[in-house]
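K.L.:
Counting in my numbering, the sequence shown runs from 57 upward without gaps.
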Amino acid sequence: MENSKDTSLLTRRRKIILINVRRVVGARGGVEKVFCDMANYFASIGHTVTALCLDAKQGLPGFSLSENVCFVNAWKRKSLLSSGFFEVLRTFSFKKNIRRLKRQKLELQWQIECIKAALVKIGEADLYICFQPRATNILSFILDQNKSIITMIHGGSDFIAKICQRSLTIDALHRSNVVRVLLPSYVKEIKKHSEVPVWAMPNAVCQFNQPASLNQKKIVCIARLSPEKRIELLVRAFNLIKDDISEWDVEFWGEINVKPKYRNVILQLINKLELKDRFRFCNTTSDIERVLQRASIFVFPSATEGFGLALCEAMSKGVAVVGCKDCSAVNELIIDERNGLLTEPTPEAMAEAIKRLALDRNLRLRLGTQARYDMKKYSAENVWKIWDELVNYVTARN
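Following this line, the structure appears as structure tokens:
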């Protein structure tokens with residue numbers, strides 16, 4: 057049987073290129089984690105895998121890559137005629153919207169040059185997996201029309217509706233063999249704009265062996281410090297109940313310098329409310345399980361999510377979670393009073409939910425236990441099995 061399995065694997069071996077034209081180097085967000093995890097998985101089952109990015113920063117991805125994955129950063133310095141004074145001159149217009157369009161066109165041309173130069177060295181692939189519609193647009197200027205392309209969209213329904221207003225996104229949909237979205241509820245929005253096949257596939261969620269103890273008086277939030285994560289909502293909510301749960305503290309884990317202006321606003325708010333000693337910023341971590349092991353409550357105040365990988369990891373660890381009713385994905389992953397608590401996006405409502413959990417360990421345990429069970433369907437084994445089916449489907453059709 058073992059020899060038969062190996063032979064089957066060899067017959068399915070393909071050359072796959074993953075393309076991410078946004079940040080990758082040193083980045084530790086959900087999309088970047090999926091980028092590295094996917095590359096590692098495909099390499100582990102025998103495919104020849106290249107993880108290609110376009111990042112001005114030099115170095116390695118924020119998440120580890122297997123030695124069997126070829127990592128290529130296609131970024132190169134812009135030519136003199138495409139930067140500085142010459143860029144301003146070439147994109148000049150008295151109309152702001154025309155200036156913006158000219159800059160976008162010039163940026164796209166430069167990205168095409170970078171990716172094309174990299175692909176010439178890498179060679180053609182059997183399958184291209186684009187992590188943004190823009191990556192698919194770039195490929196459309198480089199590749200023949202009959203190449204197999206999967207376009208991934210990582211945002212929720214609101215995000216999809218917004219980007220589908222752009223002609224370049226619609227072009228990318230038409231250029232794709234399959235568009236991948238994260239949840240079944242997002243399929244309808246894509247179907248409004250294209251007849252291309254759409255597959256709803258979640259991200260793989262780590263299945264931890266041991267649940268959190270839920271004994272420590274620790275509230276945790278893991279996110280990127282940016283406006284759409286609404287960290288100010290958590291700060292204001294905690295401020296309302298800081299005296300009622302005086303032994304509890306908040307830890308924020310994640311990148312804090314993505315949006316410096318927003319970071320300063322949050323820091324000023326924390327100082328103003330005199331929470332500096334109880335609301336701590338801990339930067340990023342490579343040991344998410346250790347952070348969640350010490351958590352009893354996980355708060356995820358985001359306004360919009362495509363899937364919410366950090367939330368899912370907390371649920372998989374058995375931590376009691378709080379999210380907002382108005383947030384896509386969160387309001388599907390959290391079933392109110394079953395595996396977590398959903399609140400209105402107000403400090404008062406969130407404060408009430410946090411206080412309930414802080415004062416009732418049995419409630420934390422009940423919700424956390426159910427959340428841990430509900431996350432099993434997103435195991436790596438289940439998710440990568442669907443990806444195998446998709447890869448075979450796309451390459452066989454083409």
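Don't be surprised by glycine CBs; every beta carbon is placed ideally from N, CA and C.
Could you give the first and the last residue of the continuous beta strand (DSSP E) run that contains Leu398?
P.N.:
Taking the sequence shown and counting its residues from 1, the one referred to as residue 398 is at position 342. 397-399 is the span of the beta strand (DSSP E), which, as asked, contains Leu398.
K.L.:
What's the call for Thr402, buried or exposed, on a 16-neighbour Cβ count within 10 Å?
P.N.:
Residue 402 sits at position 346 when you count from the first residue of the sequence shown. Exposed is the call here.
K.L.:
Are the region 256-268 and the region 277-294 in contact at 8 Å, needing three or more beta carbon pairs?
P.N.:
The answer is no - the region 277-294 does not touch the region 256-268, with fewer than three Cβ pairs under 8 Å.
K.L.:
Secondary structure at Lys61, three-state DSSP: helix, strand or coil?
P.N.:
Start at 1 with the first residue of the sequence shown, and residue 61 comes out as number 5. Summary for Lys61: the model assigns pLDDT 40, below 50, so the residue's position carries little reliability; its value from the coordinates is reported in the next sentence. Helix at Lys61.
K.L.:
If the criterion is Cβ atoms closer than 9 Å, does the pair Val105 and Ala99 meet it?
P.N.:
Position 49 of the sequence shown holds residue 105. Position 43 of the sequence shown holds residue 99. In this structure, Ala99 lies closer than 9 Å to Val105 by Cβ.
K.L.:
Excluding sequence positions up to five away, which residues of its chain have a Cβ less than 7 Å from the Cβ of His230?
P.N.:
Looking up residue 230 in the sequence shown gives position 174. Result list for His230: Ser250, Val252, in chain order.
K.L.:
Assign Trp304 to one of three DSSP states: helix, strand, or coil.
P.N.:
As a position in the sequence shown, residue 304 is number 248, starting the count at 1. Trp304 falls in the coil class under three-state DSSP.
K.L.:
According to DSSP, is Leu66 helix, strand or coil?
P.N.:
Against the sequence shown, residue 66 aligns to sequence position 10. Confidence at Leu66 is low in this model, with a pLDDT of 40, below 50, so its placement is unreliable and the value that follows should be read with caution. It is helical.
K.L.:
Tell me Asp214's beta-bridge partners as DSSP assigns them.
P.N.:
Counting from one through the sequence shown, the residue named residue 214 turns up at place 158. DSSP output for Asp214 lists no bridge partner at all.
K.L.:
Which stretch, first to last residue, makes up the alpha helix (DSSP H) that contains Asn129?
P.N.:
Looking up residue 129 in the sequence shown gives position 73. From DSSP, Asn129 is part of no alpha helix (DSSP H) but of the beta strand (DSSP E) over 125-129.
K.L.:
In three-state DSSP terms, what is Cys262?
P.N.:
Numbered from 1 along the sequence shown, position 206 holds the residue referred to as residue 262. Three-state result, Cys262: coil.
K.L.:
What residue does the alpha helix (DSSP H) around Met371 start on, and which one ends it?
P.N.:
Stepping through the sequence shown from its first residue, residue 371 is reached at position 315. Element bounds for Met371: 365-372.
K.L.:
Quick one: what does DSSP say Gly424 is sitting in, helix, strand or coil?
P.N.:
By one-based count along the sequence shown, residue 424 stands at place 368. If DSSP states are grouped into helix, strand and coil, Gly424 belongs with the helices.
K.L.:
When you compare only the Cα positions, how much space is there between Glu58 and Leu238?
P.N.:
Working through the sequence shown from its first residue, we reach residue 58 at position 2. Working through the sequence shown from its first residue, we reach residue 238 at position 182. Below a pLDDT of 50, predicted positions are generally treated as unreliable, and Glu58, at 35, falls in that range; the measurement from the model is reported next regardless. C-alpha separation (whole angstroms): 34 Å.
K.L.:
Alpha carbon to alpha carbon, how far is Arg417 from Gln165? Give it in angstroms, no decimals.
P.N.:
Taking the first residue of the sequence shown as position 1, residue 165 is located at position 109. Taking the first residue of the sequence shown as position 1, residue 417 is located at position 361. About 57 Å.
K.L.:
Can you tell me the Cα-Cα spacing of Ile219 and Ile168, whole angstroms?
P.N.:
Within the sequence shown, residue 219 is the residue found at index 163, counting from 1. Within the sequence shown, residue 168 is the residue found at index 112, counting from 1. Each residue's alpha carbon lies about 20 Å from the other.
K.L.:
Using a threshold of 9 Å, state whether the C-beta atoms of Val347 and Ile275 are closer than that.
P.N.:
One-based indexing of the sequence shown puts residue 347 at position 291. One-based indexing of the sequence shown puts residue 275 at position 219. No, these two residues do not count as a Cβ contact at 9 Å.
K.L.:
Taking the continuous beta strand (DSSP E) assigned at Gly379, which residues delimit it?
P.N.:
On the sequence shown, residue 379 is found 323 positions in, with the first residue counted as 1. Here the beta strand (DSSP E) through Gly379 covers 376-380.
K.L.:
Give the secondary structure of Val291 by DSSP, where H, G and I count as helix, E and B as strand, and everything else as coil.
P.N.:
As a first step, residue 291 must be located in the sequence shown, where it is residue number 235. Three-state DSSP puts Val291 in a helix.
K.L.:
Rounding to the nearest angstrom, what Cα-Cα distance links Asp62 and Arg68 in this structure?
P.N.:
On the sequence shown, position 6 is the one that residue 62 refers to. On the sequence shown, position 12 is the one that residue 68 refers to. Bear in mind that a pLDDT of 41 at Asp62, under 50, signals an unreliable position, so the number given afterwards is only what the model happens to contain. C-alpha separation (whole angstroms): 10 Å.
K.L.:
Does the Cβ-Cβ distance between Gly459 and Val80 come in under 9 Å?
P.N.:
The chain is shown only over 57 to 454; residue 459 falls outside these bounds and no answer can be derived.
K.L.:
So what does Met208 bridge to, in DSSP terms?
P.N.:
Position 152 of the sequence shown, counted from the start, is the residue given in the question as residue 208. Note: Met208 sits in a beta bridge opposite Arg236.
K.L.:
Just to confirm my understanding: we take Glu311, look at its own chain, exclude 5 residues before and 5 after, and list those with CB closer than 8 Å. What are they?
P.N.:
Your numbering for residue 311 matches position 255 in the sequence shown. Counting only Cβ-Cβ distances below 8 Å, and skipping sequence neighbours, we find Ala83, Arg84, Gly85, Arg280, Leu281, Asn339, Thr340.
K.L.:
Identify, in the order they occur along the chain, each residue of the same chain with its Cβ nearer than 7 Å to the Cβ of Ser241, setting aside the five sequence neighbours on each side.
P.N.:
By one-based count along the sequence shown, residue 241 stands at place 185. So the qualifying residues of the chain are Ser213, Glu388.
K.L.:
Return yes when the Cβ of Leu110 is within less than 9 Å of the Cβ of Ile171, no when it is not.
P.N.:
Within the sequence shown, the letter at position 115 stands for residue 171. Within the sequence shown, the letter at position 54 stands for residue 110. Yes, Cβ-Cβ distance for Ile171 and Leu110 is below 9 Å.
K.L.:
What are the residues that DSSP puts in a beta bridge with Asp392?
P.N.:
As a working note, residue 392 is residue 336 in the sequence shown. Partner(s): Gly396.
K.L.:
Ends of the beta strand (DSSP E) at Lys71?
P.N.:
Your numbering for residue 71 matches position 15 in the sequence shown. That run of the beta strand (DSSP E) goes 71-76.
K.L.:
Out of curiosity, what's the CA-to-CA distance linking Gly362 and Cys368?
P.N.:
Against the sequence shown, residue 362 aligns to sequence position 306. Against the sequence shown, residue 368 aligns to sequence position 312. Roughly 12 Å between the two C-alpha positions.
K.L.:
Do the CB positions of Ser204 and Val450 come within less than 9 Å of each other?
P.N.:
Reading the sequence shown from its first residue, position 148 is the one you call residue 204. Reading the sequence shown from its first residue, position 394 is the one you call residue 450. Going by C-beta atoms, Ser204 is nearer than 9 Å to Val450.
K.L.:
Going straight from the alpha carbon of Lys298 to that of Tyr318, what length do you get?
P.N.:
What you label residue 298 is simply residue 242 of the sequence shown in a count that begins at 1. What you label residue 318 is simply residue 262 of the sequence shown in a count that begins at 1. Roughly 23 Å separates the two Cα atoms.
K.L.:
Any idea if Arg453 is buried or exposed, counting beta-carbon neighbours within 10 angstroms, 16 or more meaning buried?
P.N.:
Counting from 1 along the sequence shown, the entry for residue 453 is found at position 397. Arg453 should be labelled exposed.
K.L.:
For the beta strand (DSSP E) containing Lys274, list its first residue and its last residue.
P.N.:
To locate residue 274, count along the sequence shown from 1; it is residue 218. It spans 274-278 - the beta strand (DSSP E) in which Lys274 sits, taken as one unbroken run.
K.L.:
Can you tell which of Asp430, Asn395, Cys380 has the C-alpha that lies nearest to the C-alpha of Glu408?
P.N.:
Start at 1 with the first residue of the sequence shown, and residue 408 comes out as number 352. If we check each option's Cα against that of Glu408, Cys380 comes out closest.
K.L.:
Name the two residues that bound the continuous beta strand (DSSP E) containing Phe356.
P.N.:
As a first step, residue 356 is located in the sequence shown; it is residue number 300 there, counting from the start. Unbroken beta strand (DSSP E) run through Phe356: 353-356.
K.L.:
Using only CA atoms, which one of Ala359, Thr425, Ala376 lies nearest to Gly211?
P.N.:
Here the question's residue 211 lines up with position 155 in the sequence shown. It is Ala359 whose Cα lies nearest to the Cα of Gly211.
K.L.:
Using CA atoms only, rank isn't needed, just tell me which of Gly424, Trp440, Ser384 is closest to Ala376.
P.N.:
For this step, residue 376 is matched to residue 320 along the sequence shown. Nearest option by C-alpha distance: Gly424.
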